[in-house]
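Just below is one structure, and these are the notes that go with it.
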């Protein structure tokens, strides 16, 4: 865009250079050298800024989230060379088309130039649509002029819209990924309808654990679970990879996973040794379907179980959920459990961390040794940590694309106004006010932003599900529960309007500052 603007201004000078013997290759070298200088200046500024930004992101975002300490913030030579190559070669590639197009002009065309590309119109669909719009009296004349001016150079319009469209699609898709992450994490937390969990060093009597936990102030409800490891023994006597077994009371209120098929443990009362498996186990093991019998090796003891239902994943891999009494019989631990789940009274002024500390101290004092404690907030934070950094960087990329798109739109508006200086003078000469001229410029920028928003949102409907699925597969090995962010699309619409208004301000101001005499005498 910058080179298009520069060559637009200097078409007569190109004609003069050709008139005195300059060849196209020499003129191209002149402009490409200018591009190279832009690139060198950009790299000189970008390299230290990139190093500083990387250091800030690592120290303020990555290190605290991942709890790691970076040994060195130095940037390796391969990365510096890569950045220099991007900063030098991409501008040359981008500037090549306008340079070739501008220097190909003949001497006669250059010396009689009224603006690069003239005022070319056509008889295509856009022009026919514009002709119909002109017949609608409700549409103001400045709006029609803005639409006509926007369509005058379709190649430049497409070039400007591309970045804005991709910026829109990426921004809405990233916010859709964020919404999908929230939906997925909410589904994960359906396995944790409690506030604090304490894992015992060994199995203890359920009645004793419940009584001790209920003695703690601000405890609203208590459940004792059991957990252990298991493998599936296949028909050929081979075993699966180990997975978790969680044993809960049949009428538990501390767990409410979303059913994919079959029924939950509470509805499987007539089924002996009922087991509900999650989708990870179903994916890993063939033949684990509702109604099928499977043999499980739990703590070295084999027993037969019937699959009553299938639930979603909890992001911690394959797992099976059974009734507490069935589990106790299978592992010969009647009346015992090894996990205490506590729900805090909603009106209590106590945090989950404080309750975890009280629970550990009270159980230890009662001779019930606690191995570890965990809060549901901690579980949610661990799950959220998987996505936070990736989503943050994707949002940053979308905002950078929006900034680049805004700069491109501003340059395009400047080029368009430069080519229509005389046209503005004619409008002023026949009585157009400064406000009318400004509205034409602003309407053109806003029209571009609205078109890019419509195209970008449409594109986001295609790529947002792909983003959501691939991010989930990369981080937790399953697709996320897809949610489209209509709010993100709405917010981005107003952001684009703001970008268009800002990008149009300078060209509009320049247009109204010129006097009629100056614009009619403009060369």
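Numbering (this note's numbering), first residue to last: 602 to 1124. Even glycine gets a Cβ: it sits at the ideal position worked out from N, Cα and C.
Residue closest to residue i, alpha-carbon to alpha-carbon, out of the options
i	options	result
residue 1036	1106, 1002, 1064, 1087	1106
residue 674	784, 984, 651	651
residue 922	1003, 827, 975	827
residue 1063	659, 984, 610, 769	769
residue 949	818, 823, 825, 868	818
residue 886	796, 918, 608	918
residue 1011	1043, 1092, 984, 1024	1043
residue 861	914, 691, 953	914
residue 762	1013, 1099, 787	1013
residue 1094	646, 1057, 700	1057
residue 607	632, 1049, 1101	632
residue 865	611, 892, 1002	892
residue 660	990, 764, 646, 1085	990
residue 1098	857, 1032, 1045	1045
residue 869	840, 894, 908, 843	908
residue 992	676, 954, 854, 771	771
residue 693	670, 630, 1017	630
Which residues DSSP lists as bridging residue i, in chain order
i	result
residue 845	830, 920
residue 905	896
residue 975	798
residue 940	800, 826
residue 945	820
residue 872	Note: residue 872 sits in no beta bridge, so no partner.
residue 879	912
residue 840	834
residue 805	938
Residue i classed as buried or exposed, judged by whether at least 16 other C-beta atoms fall within 10 angstroms
i	result
residue 624	exposed
residue 709	exposed
residue 1114	exposed
residue 947	exposed
residue 903	exposed
residue 705	exposed
residue 873	exposed
residue 933	exposed
residue 716	Model confidence at residue 716 stands at a pLDDT of 48, short of 50, so the residue's coordinates are unreliable; what they give is reported in the following sentence. Answer is buried; the Cβ neighbour count reaches 16.
residue 968	exposed
residue 798	buried
residue 852	exposed
residue 1055	exposed
residue 879	buried
residue 994	exposed
residue 939	buried
residue 757	buried
residue 858	buried
Run of the alpha helix (DSSP H) containing residue i, from where it starts to where it stops
i	result
residue 1069	1035-1077
residue 679	678-704
residue 925	925-931
residue 708	708-712
residue 606	603-620
residue 956	953-966
residue 665	664-667
Alpha-carbon to alpha-carbon, residue j and residue i
i	j	result
residue 945	residue 821	5 angstroms
residue 604	residue 636	8 angstroms
residue 899	residue 1089	48 angstroms
residue 1040	residue 1109	8 angstroms
residue 943	residue 962	14 angstroms
residue 988	residue 1076	8 angstroms
residue 996	residue 1047	23 angstroms
residue 927	residue 1079	30 angstroms
residue 639	residue 998	23 angstroms
residue 777	residue 1070	11 angstroms
residue 672	residue 678	17 angstroms
residue 718	residue 711	Interpretation of residue 718 is limited by its pLDDT of 44, a score under 50 that renders its predicted location unreliable; the figure taken from the coordinates is listed afterwards. Between residue 718 and residue 711, the C-alpha separation is close to 11 angstroms.
residue 721	residue 684	With a pLDDT of 44 at residue 721, under the threshold of 50, the predicted position of this residue should be treated as unreliable, though the coordinate-derived value follows. When rounded, the distance between both Cα atoms is 39 angstroms.
residue 837	residue 896	12 angstroms
residue 958	residue 972	13 angstroms
residue 863	residue 773	36 angstroms
residue 832	residue 656	45 angstroms
residue 642	residue 688	9 angstroms
residue 792	residue 884	19 angstroms
residue 901	residue 845	14 angstroms
residue 609	residue 680	36 angstroms
residue 1038	residue 1111	11 angstroms
residue 796	residue 978	8 angstroms
residue 905	residue 876	10 angstroms
residue 1051	residue 700	30 angstroms
residue 1009	residue 1015	10 angstroms
Residue i, enclosing beta strand (DSSP E) - first and last residue
i	result
residue 636	Here residue 636 belongs to no beta strand (DSSP E); instead the alpha helix (DSSP H) covers 625-658.
residue 861	860-863
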